[in-house]
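So the protein lines, in turn, are chains U and H. For the first sequence, the residue numbers in the numbering used here are 9 to 228. For the second sequence, the residue numbers in the numbering used here are 9 to 228. Don't be surprised by glycine CBs; every beta carbon is placed ideally from N, CA and C. Report on the following structure.
There are 2 protein chains.
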Amino acid sequence: MIFIGIDIKMNKTIRKRGRPRLLDRDVGLDVAARLFWERGYEGTSIADLTEAMGVPPPSLYATFGSKEDLYRQALDHISQRENKAWLEAIQGKMSAHDAMAFFLHDAAARFTCPDKPRGCMVLNAVLQHAEKTESVAQLVAARRALGLQTIKARFDRAVAEGELAPGTDTDALACFYVVVVQGMSAQACDGASLATLKQLADIALSAWPMPAAHRQKAIP
Amino acid sequence: MIFIGIDIKMNKTIRKRGRPRLLDRDVGLDVAARLFWERGYEGTSIADLTEAMGVPPPSLYATFGSKEDLYRQALDHISQRENKAWLEAIQGKMSAHDAMAFFLHDAAARFTCPDKPRGCMVLNAVLQHAEKTESVAQLVAARRALGLQTIKARFDRAVAEGELAPGTDTDALACFYVVVVQGMSAQACDGASLATLKQLADIALSAWPMPAAHRQKAIP
DNA sequence: TTATTATTGTATCGATCACTATTCAATTCA
DNA sequence: TGAATTGAATAGTGATCGATACAATAATAA
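Have a look at this one:
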């Protein structure tokens with residue numbers, strides 16, 4: 009007899025009573041995330057999802073709830089995988105400048121990875137949308153806002169640590185780099201190459217504010 | 009008797025024989041453009057459009073063809089209005105730097121105009137989409153590519169005129185500024201203020217390449 | 001075994017999608 | 001005036017949308 013169960017909190021197990029599920033949750037989320045990433049929320053139908061997962065609709069609904077619930081879970085699923093590296097860089101010990109350099113170049117690489125959809129699943133998602141998709145739009149917008157806040161917090165730290173001049177407008181600077189990565193995502197969707205994205209990442213980094221001591225007019 | 013006709017090429021007029029049309033073409037395009045702009049292509053239904061125009065579906069189809077045709081025409085309609093100012097700036101006599109400054113600040117103003125949808129109708133449109141929307145995606149992608157090409161051409165001119173150093177990577181530089189305006193559009197959709205967009209436009213302009221004579225390391 | 005429970009598989013549900021066949025009304029031309 | 005022409009208005013088309021009702025199936029519990 010094969011024991012199948014799910015560990016929940018301290019060795020406590022729950023044995024399933026009824027017929028076992030055909031659909032593995034993580035596999036389903038991988039499939040869903042890929043489709044949503046590629047086609048967007050409105051562009052992905054339940055039929056697309058069930059076909060790709062190889063299960064009938066009731067299985068999908070039993071496992072994930074509604075289409076919106078599935079989208080939310082797929083976002084969480086992918087975010088954990090995609091945000092890990094740059095989040096550690098941003099919140100780690102390297103300088104804010106180096107962290108942003110890593111952030112942009114890492115994004116360039118991820119946005120053009122051959123075995124994934126182009127661009128970012130979140131950055132350009134549900135910007136234009138039907139009224140009935142408002143709640144989903146707010147969902148992704150909140151994630152974008154979280155990213156912006158994370159970067160601003162790092163810049164605030166850089167000001168506190170003296171890397172950036174006191175009085176630096178960290179809101180605007182954070183928004184600038186989010187705008188850059190957001191535009192990079194869009195350009196990746198339009199087919200921009202890794203090389204192009206890396207070049208413009210460097211251009212964006214050249215806008216890094218100089219310490220006050222070294223500030224001067226560029227053109228005499 | 010009231011004469012109603014359409015002037016076509018040199019005073020030649022066409023008198024309509026049948027029942028006059030209820031739907032004015034330009035009014036319909038204004039309505040359609042606004043809806044597509046706000047909700048995107050997939051997020052706007054024919055029912056939305058006919059209701060907003062106040063005409064039944066057959067009138068819409070008689071005037072504009074298909075939904076995709078209408079989208080294309082609405083794009084043309086809006087593009088003429090929205091692109092005029094910055095296109096003249098880019099192709100006019102002012103320096104490439106000043107033209108880009110105008111371009112970005114004009115975009116910031118247009119993307120946050122209170123009586124229009126936020127952001128740009130084209131820049132963030134149909135990036136993620138269903139397979140059946142592929143032709144529409146290519147339509148807007150081609151428009152974005154045209155904008156990119158226009159800016160690159162201006163930078164090439166700036167190199168030829170000596171404003172930019174010989175050997176400047178105009179492709180990457182053009183892509184950078186397109187990325188910035190594209191990200192600005194996305195941030196505008198997310199609610200960024202005019203002031204914020206203008207600030208980050210200035211940051212983006214600070215990445216403008218210095219003439220070779222004045223180039224130096226920013227941090228010792 | 002028998003009962004209980006949960007999930008699968010099938011066949012949808014009503015609503016909405018883009019789109020149109022048909023009929024009626026309004027205009028011009030002869 | 002009457003015929004021809006053209007668009008409006010009604011009422012749909014089949015397809016697809018997200019989501020489910022229902023019954024057969026497969027597991028555990030008693």
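TODO: Determine, using beta carbons only, whether U/H137 comes closer than 8 Å to chain H.
DONE: Position 129 of the first sequence holds residue 137 of chain U. Output row for U/H137: interface = yes.
Open item on the list: I'd like to know if H/V39 contacts chain U, where contact means its C-beta is closer than 8 Å to some C-beta of that chain.
Closed with: Counting from 1 along the second sequence, the entry for residue 39 of chain H is found at position 31. So, not an interface residue.
Task: Min CB distance H/L147 to chain U below 8 Å - done: Counting from one through the second sequence, the residue named residue 147 of chain H turns up at place 139. Not one chain U Cβ lies under 8 Å of H/L147.
Task: Residue environment, H/R33, which counts as buried when at least 16 other CB atoms sit within 10 Å - done: Start at 1 with the first residue of the second sequence, and residue 33 of chain H comes out as number 25. Classification of H/R33: exposed, given that the 10 Å Cβ count is below 16.
TODO: Please list the partners that U/C197 has in chain H, where partner means a Cβ-to-Cβ separation under 7 Å.
DONE: Within the first sequence, the letter at position 189 stands for residue 197 of chain U. Chain H residues near U/C197: L135.
Open item on the list: Quick check on DSSP: helix, strand or coil for U/I10?
Closed with: Stepping through the first sequence from its first residue, residue 10 of chain U is reached at position 2. Low confidence applies here, because U/I10 scores a pLDDT of 32, under 50, leaving its location unreliable; read the following figure in that light. Three-state DSSP puts U/I10 in coil, outside helix and strand.
TODO: Mark U/I16 as exposed unless 16 or more other C-beta atoms lie within 10 angstroms of its C-beta, in which case mark it buried.
DONE: Along the first sequence, read from residue 1 onward, the residue named residue 16 of chain U stands at position 8. With a pLDDT of only 33 at U/I16, under 50, the local geometry of the prediction cannot be trusted, and no value is derived from it.
Open item on the list: Residues of the segment 28-52 of chain H in Cβ contact with chain U at a cutoff of 9 Å, in chain order, please.
Closed with: F44, W45, E46, R47, G48, Y49, E50, G51, T52
TODO: Return the Cβ separation of U/V187 and H/G191 in integer angstroms, given the expectation that the two are a contact with Cβ distance under 8 Å.
DONE: For the purposes of this step, residue 187 of chain U is identified with residue 179 of the first sequence, where counting begins at 1. For the purposes of this step, residue 191 of chain H is identified with residue 183 of the second sequence, where counting begins at 1. Right, their Cβ atoms sit about 3 Å apart.
Open item on the list: One question on the structure: do U/M108 and U/Y185 come within less than 8 Å of each other, judged by their Cβ atoms?
Closed with: Taking the first residue of the first sequence as 1, we reach residue 108 of chain U at position 100. Taking the first residue of the first sequence as 1, we reach residue 185 of chain U at position 177. Their beta carbons are under 8 Å apart, which means U/M108 touches U/Y185 by this criterion.
Task: Under 7 Å by beta carbon: chain H residues contacting U/L208 - done: If you number the first sequence from 1, residue 208 of chain U lands on position 200. What U/L208 touches in chain H: A180, C183, F184, V187.
- [ ] Quick one: which unbroken alpha helix (DSSP H) runs of 4-plus residues sit fully inside the segment 130-188 of chain H? Chain order, please.
- [x] 142-168
TODO: Look up U/C128 in the DSSP assignment and say whether it is helix, strand or coil.
DONE: As a working note, residue 128 of chain U is residue 120 in the first sequence. U/C128: coil per DSSP, three-state reduction.
Open item on the list: Measuring only the C-alpha atoms, how far is U/F119 from H/A138?
Closed with: If you number the first sequence from 1, residue 119 of chain U lands on position 111. If you number the second sequence from 1, residue 138 of chain H lands on position 130. Spanning the two alpha carbons is a distance of roughly 19 Å.
- [ ] Answer yes if the segment 81-91 of chain U comes into contact with the segment 195-210 of chain U, meaning at least three C-beta pairs across the two stretches below 8 Å, and no otherwise.
- [x] no
Task: Whole-angstrom distance between U/L95 and U/A117, CA atom to CA atom - done: Reading the first sequence from its first residue, position 109 is the one you call residue 117 of chain U. Reading the first sequence from its first residue, position 87 is the one you call residue 95 of chain U. Rounded to whole angstroms, U/A117 to U/L95 spans 15 Å at the Cα level.
Task: Where U/D32 falls: helix, strand or coil (DSSP) - done: Within the first sequence, residue 32 of chain U is the residue found at index 24, counting from 1. DSSP places U/D32 in coil when its eight states are reduced to three.
Open item on the list: Relative to the C-alpha of H/I103, which candidate in H/L208, H/F163, H/A82 has its C-alpha closest?
Closed with: For the purposes of this step, residue 103 of chain H is taken as residue 95 along the second sequence, with counting starting at 1. Reading the sequence as shown, one finds Ser at residue 103 of chain H and not Ile. With distances taken between Cα atoms, H/S103 lies closest to H/F163.
Task: Selected residue, minimal CA-CA separation from U/L181, among U/Q207, U/P122, U/H105, U/Q136 - done: Here residue 181 of chain U corresponds to residue number 173 of the first sequence, with the count starting at 1. The residue with the shortest Cα to Cα distance from U/L181 is U/H105.
Open item on the list: Can you tell me whether H/L57 is buried or exposed? The criterion is at least 16 other CB atoms within 10 Å of its CB, across all chains shown.
Closed with: The count along the second sequence starts at 1 and reaches residue 57 of chain H at position 49. Looking at its Cβ environment, which holds 16 or more other Cβ atoms inside 10 Å, H/L57 is buried.
Open item on the list: Using only the alpha-carbon positions, how far apart do H/L213 and U/D114 sit?
Closed with: Residue 213 of chain H sits at position 205 when you count from the first residue of the second sequence. Residue 114 of chain U sits at position 106 when you count from the first residue of the first sequence. In a straight line, the C-alpha of H/L213 is about 24 Å away from that of U/D114.
TODO: Please confirm if H/P64 has its CB atom under 8 Å from at least one CB of chain U.
DONE: Counting from 1 along the second sequence, the entry for residue 64 of chain H is found at position 56. Closer than 8 Å: no.
- [ ] Under 9 Å between beta-carbons, which chain H residues line up against U/I98? List them in chain order, please.
- [x] Here residue 98 of chain U corresponds to residue number 90 of the first sequence, with the count starting at 1. Within 9 Å Cβ-Cβ: nothing; U/I98 doesn't reach chain H, min ~18 Å.
- [ ] Output the distance between the C-alpha atoms of H/R42 and H/D84, rounded to the nearest integer angstrom.
- [x] Locating residue 42 of chain H in the second sequence gives position 34, where the first residue counts as 1. Locating residue 84 of chain H in the second sequence gives position 76, where the first residue counts as 1. Whole-angstrom Cα-Cα distance: 13 Å.
- [ ] For U/V35, count neighbouring Cβ atoms within 10 angstroms of its own Cβ and tell me buried if that reaches 16, exposed if not.
- [x] Locating residue 35 of chain U in the first sequence gives position 27, counting from the first residue. Burial call: exposed.
TODO: Throw me the rounded Cβ distance for the H/V144 and H/Y49 pair, which I believe falls under 8 Å.
DONE: Here residue 144 of chain H refers to the residue found at position 136 when the second sequence is read from its first residue. Here residue 49 of chain H refers to the residue found at position 41 when the second sequence is read from its first residue. Correct: roughly 5 Å between the Cβ atoms.
TODO: Can you have a look at U/L154 and say buried or exposed, based on whether 16 or more other CB atoms are within 10 angstroms of its CB?
DONE: Along the first sequence, one-based indexing puts residue 154 of chain U at 146. With fewer than 16 Cβ atoms within 10 Å of its Cβ, U/L154 is classed as exposed.
- [ ] Measure the C-alpha to C-alpha separation of U/T178 and U/G100 and round it to an integer number of angstroms.
- [x] Counting from one through the first sequence, the residue named residue 178 of chain U turns up at place 170. Counting from one through the first sequence, the residue named residue 100 of chain U turns up at place 92. One C-alpha to the other measures close to 18 Å.
Task: Where U/T120 meets chain H, residues with beta-carbon distance less than 7 Å - done: The sequence position of residue 120 of chain U within the first sequence is 112, counting from 1. Under the 7 Å cutoff, chain H gives no residues; its nearest Cβ is about 13 Å from U/T120.
Task: Nearest-angstrom beta carbon gap, U/L131 and U/S53 [assumed within contact, 8 Å] - done: Here the question's residue 53 of chain U lines up with position 45 in the first sequence. Here the question's residue 131 of chain U lines up with position 123 in the first sequence. Contact flag wrong, Cβ pair sits at about 23 Å.
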